[in-house]
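Trainee: Numbering (the numbering used here), first residue to last: 343 to 581. Ideal Cβ placement from N, Cα and C applies to all residues, glycine included. From a predicted model like this one, the values you see are computed outputs, not experimental measurements.
1) In this structure, does DSSP put residue 404 in helix, strand or coil?
2) I need the DSSP call for residue 436, collapsed to helix, strand or coil.
3) When the Cα atoms are used, what is the spatial distance from residue 389 to residue 563?
4) Considering only the beta carbon of each residue, do residue 429 and residue 393 sit closer than 9 Å?
5) Could you tell me whether the Cβ atoms of residue 403 and residue 372 are closer together than 9 Å?
6) Give me the DSSP bridge partner(s) of residue 450.
7) According to DSSP, which residues form a beta bridge with residue 421?
8) Provide the residue(s) that pair with residue 399 in DSSP beta bridges, ordered along the chain.
9) What residue does the alpha helix (DSSP H) around residue 430 start on, and which one ends it?
10) Between residue 344 and residue 351, what straight-line distance do the alpha-carbon atoms span, to the nearest angstrom?
11) Counting along the chain, where does the beta strand (DSSP E) carrying residue 528 start and finish?
12) Take residue 499 and list the residues in its own chain whose beta-carbon comes closer than 6 Å to its own, dropping the five residues that flank it on each side.
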């Protein structure tokens, strides 16, 4: 341990409490979880490192909560969804939350906890963790490396099925695993009518609206100049 590393650690702790992005007065996971309730933990204000620590704490708390309820005879089934899973269960680097997620994937099902890993880059997810996943919903994948990663994760995937992933339309997916039976199936997912926070912005429409607004302003400015010039001519003023 060097003096520089100690100073860096102290600085991170001071920044953590100074910005106070996490309130320690908030209820625990046990207080927030209830049957039929969707709980969204918004970590958008945190950087990746802070999200990593937060995920570790939450995953450990959920496993403890599920194990405790199971032991006392009050099993509480729940689904824990991790977005951008490749950032936390990486195949190329060790993260703080990786061990906690691996343990949740390995032990959680015994206590009624289902883990869902969501990622657009399956090739970057740790294979050991993926091997614990029993069901897959695969949407459009173009990269060969992503297709191979999905194929390695399931014996039910054939070359023909994997080859069709690149041509899937929006909302179409290949579903396979214990929840669907022996044979994989292509499905069409209904459009969610609510707010889509993670939707890709329509950049062309945004640019077009901006262009039209600038064009209107230019036309209005031109009309104003012409009106001023006509008024000066009527008044006999020099331009």
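Mentor: So, from the listed chains and residues:
1) Against the chain shown, residue 404 aligns to sequence position 62. Note: residue 404 maps to helix in three-state DSSP.
2) What you label residue 436 is simply residue 94 of the chain shown in a count that begins at 1. Correct three-state label for residue 436: coil.
3) Position 47 of the chain shown holds residue 389. Position 221 of the chain shown holds residue 563. Taking the straight line joining both Cα atoms gives about 44 Å.
4) As a working mapping, residue 429 is identified with position 87 in the chain shown. As a working mapping, residue 393 is identified with position 51 in the chain shown. Less than 9 Å separates the beta-carbon of residue 429 from that of residue 393.
5) To locate residue 403, count along the chain shown from 1; it is residue 61. To locate residue 372, count along the chain shown from 1; it is residue 30. A contact, by the Cβ cut-off of 9 Å.
6) Counting from one through the chain shown, the residue named residue 450 turns up at place 108. Looking at the DSSP output, residue 450 bridges to nothing.
7) Position 79 of the chain shown, counting from 1, holds the residue named residue 421. Residue 421 is bridged to 456.
8) Numbered from 1 along the chain shown, position 57 holds the residue referred to as residue 399. According to DSSP, which records beta bridges pairwise, residue 399 is partnered with nothing at all.
9) As a first step, residue 430 must be located in the chain shown, where it is residue number 88. From DSSP, residue 430 is part of no alpha helix (DSSP H); its letter is neither H nor E.
10) Along the chain shown, read from residue 1 onward, the residue named residue 344 stands at position 2. Along the chain shown, read from residue 1 onward, the residue named residue 351 stands at position 9. So the alpha carbons of these two residues sit roughly 11 Å apart.
11) The residue labelled residue 528 in the question sits at position 186 within the chain shown. It spans 527-530 - the beta strand (DSSP E) in which residue 528 sits, taken as one unbroken run.
12) Numbered from 1 along the chain shown, position 157 holds the residue referred to as residue 499. These residues qualify, in order along the chain: 493.
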